[in-house]
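In terms of this note's numbering, the sequence shown opens at residue 26 and continues consecutively. By construction, the Cβ of each residue, glycine as well, lies at the ideal position given by its N, Cα and C atoms. Treat the numbers as computed from the prediction; the structure is a model and nothing was measured. Right, one structure below, let's go through it.
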Amino acid sequence: MRRQDCFRKTRESFGVGIPSRVNRRHADSQVLPQHGLENLLKISFRVRLLLIASLAISVATATLGDVRESLSVLWKQPTDPPVSLTVSPDGRFFGVVTKEGFVRCYDSRGRVFWQHEARGATDVLIAQNGTSVLLFSRLNPTNCVVRFYRKDGELLWEHDAESSIWSAAVSPDGQYAAIGTGKGHIYLYSPYPNRPRWRRIRPGGIVHSITFTPDSQAIVAGTWQKSGICCYTIRGRFLWRCMHYTERQYELQVSGDGRMILGLKSGNQHSLDTEIRLWNMSGKLLWSRTIRGFDPCARISPQSHFIAVSYASYRKRKKEQILERKVAVYDTNGRLLWNKGGLFFSPSLVSLSPTGESVVVSDCKQSFYNMDCKGKILSKVTLGGNIRDHESSNDGRRILAYCGDGCLYVVQVET
26 MRRQDCFRKT
36 RESFGVGIPS
46 RVNRRHADSQ
56 VLPQHGLENL
66 LKISFRVRLL
76 LIASLAISVA
86 TATLGDVRES
96 LSVLWKQPTD
106 PPVSLTVSPD
116 GRFFGVVTKE
126 GFVRCYDSRG
136 RVFWQHEARG
146 ATDVLIAQNG
156 TSVLLFSRLN
166 PTNCVVRFYR
176 KDGELLWEHD
186 AESSIWSAAV
196 SPDGQYAAIG
206 TGKGHIYLYS
216 PYPNRPRWRR
226 IRPGGIVHSI
236 TFTPDSQAIV
246 AGTWQKSGIC
256 CYTIRGRFLW
266 RCMHYTERQY
276 ELQVSGDGRM
286 ILGLKSGNQH
296 SLDTEIRLWN
306 MSGKLLWSRT
316 IRGFDPCARI
326 SPQSHFIAVS
336 YASYRKRKKE
346 QILERKVAVY
356 DTNGRLLWNK
366 GGLFFSPSLV
376 SLSPTGESVV
386 VSDCKQSFYN
396 MDCKGKILSK
406 VTLGGNIRDH
416 ESSNDGRRIL
426 AYCGDGCLYV
436 VQVET
């Protein structure tokens, strides 16, 4: 088709007539018929609407692309099989205690900035922005000493807790560390590299769980035997206490905005059911849910919008019992939003992302996934071996994992 014919058909398709006796170079100077002008105006309006819609879609897509969270490997280092892993509250430092009795601490680039042989130690805490390292042995009545080291490896001081250590935590600002003991004591440390100090608080009952509020100004502790939850300031002043049934142990977590306290109770010999509870910061119970499952893990989003919990259960198939894992997500009113998992996908909860808009899970093999608030998979990262242990920072931004290939990996949630 000739260019002139093509032009004519294009104009005709828009409803605009060209006088047959007028040549193409003079056609634009002619007066258009009234119906042709109206049609052209209509079409121009439609084109403008289409352009605006296309632009809006492009902007929306770009915006979604900007906020979509993804996973990536930050660094990888070989290591001996660990007893425990730790991540500093700000996600800048990482620690591992190996079965051979060595403790290694890494910076955000994967470089070892501190290592020490510590026979009998099972756990390490990193405080004071990496300048103070605490070592202790968990649930060991023959080793109740907390040891404090400086960043250069020098032993700063030791403190005898006089009872087995059940729980430990570092404040979000890294300025304080706390342990809970079997004699019902909380020891609050200010592990300054040059002048460390400590304070003892007596909540009563075995302190099996301990955590700090986001502003680092208060401690929330879960006690056993005299079962309950209590809250103290870092100066030791009592704020509040709520009691619950004897023998109940709730692992506690305070939301990033300081509004909610999440409690998780695992099954025991009397009941295999998992229970999650949500309290406000005054100790008032808001709601509780019971899940038919065991081996649970739970997290609350930084903005208190969502609560995620993973659990395992047995499903009967013919004459067999098959183990399956699921992840459930609730809103802060206790309403179930979605429940994913089963025989072909067995997720285990790792963390909630910094924005609280996605859940990071492990497939109990080699991969981490993050899933949005509707259960849709956003991204996936596969490591070099089966994931055997993992720990995440308080804000969920970084995850430390040990895999079957003998390496440590740090996975970052990018927003």
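* Going by the beta-carbon positions, is the gap between H153 and Y217 smaller than 8 Å? -> Looking at the sequence itself, residue 153 is Gln, so the reference to His does not match. Yes, the pair counts as a contact, with Cβ atoms nearer than the cut-off.
* Asked: Is DSSP giving N364 helix, strand or coil here?
  -> strand
* To do: Keeping to the same chain, check which residues put their C-beta closer than 7 Å to that of L362; ignore five residues upstream and five downstream.
  => The beta carbon of L362 is closer than 7 Å to those of V354, Y355, D356, C398 in its chain, skipping five residues each way along the sequence.
* Asked: Out of M306, R163, F118, I235, which has the shortest C-alpha to C-alpha gap to S329?
  -> M306
* Asked: Can you pull the DSSP bridge partners for Q346?
  -> K341
* To do: Could you check which residue in F119, G366, P106 has the C-alpha nearest to that of W100?
  => When only C-alpha atoms are compared, the closest one is F119.
* Excluding sequence positions up to five away, which residues of its chain have a Cβ less than 7 Å from the Cβ of G318? -> Closer than 7 Å at the Cβ level, and outside the excluded window around G318, lie T299, Y336, A337, S338.
* With respect to the beta strand (DSSP E) encompassing D320, which residues constitute its N-terminal and C-terminal limits? -> 319-325
* To which residues does DSSP link P107 through a beta bridge? -> T123
* Asked: Where do the ends of the beta strand (DSSP E) carrying C169 lie?
  -> Element bounds for C169: n/a, residue is neither H nor E.
* To do: Report the option in H141, Y131, G116 whose CA atom is closest to the CA atom of E457.
  => Nothing about residue 457 can be reported from this structure: the residues present for the chain run from 26 to 440 only.
* Among L164, L297, N419, which has the Cα closest to the Cα of G205? -> L164
* Asked: So, is W139 buried or exposed, given that buried needs 16 or more other C-beta atoms within 10 angstroms?
  -> buried
* Would you check if the distance between the CB atom of L287 and the CB atom of I325 is smaller than 8 Å? => Cβ atoms of L287 and I325: closer than 8 Å.
* Which listed residue (I259, V121, S392, Y434) has its alpha carbon closest to that of T238 -> I259
* To do: Give the DSSP-derived three-state secondary structure of V435 in the structure shown.
  => strand
* Along the beta strand (DSSP E) that carries D441, what are the first and last residues, could you check? => Nothing in the structure corresponds to residue 441, since the chain is present only between 26 and 440.
* Asked: Start and end of the beta strand (DSSP E) containing M268?
  -> 263-268
* Asked: Of the choices I347, G253, R314, E345, whose alpha-carbon is the least far from that of G308?
  -> For G308, the closest alpha carbon among the candidates I347, G253, R314, E345 is that of G253.
* To do: Out of V386, R423, G261, E382, state which residue places its alpha-carbon closest to the alpha-carbon of R93.
  => Among V386, R423, G261, E382, the Cα nearest to that of R93 belongs to E382.
* To do: Counting only the same chain and skipping the five closest in sequence on each side, list residues whose C-beta sits under 7 Å from that of D320.
  => Y336, A337
* Asked: Terminal residues of the continuous beta strand (DSSP E) containing D282?
  -> From DSSP, D282 is part of no beta strand (DSSP E); its letter is neither H nor E.
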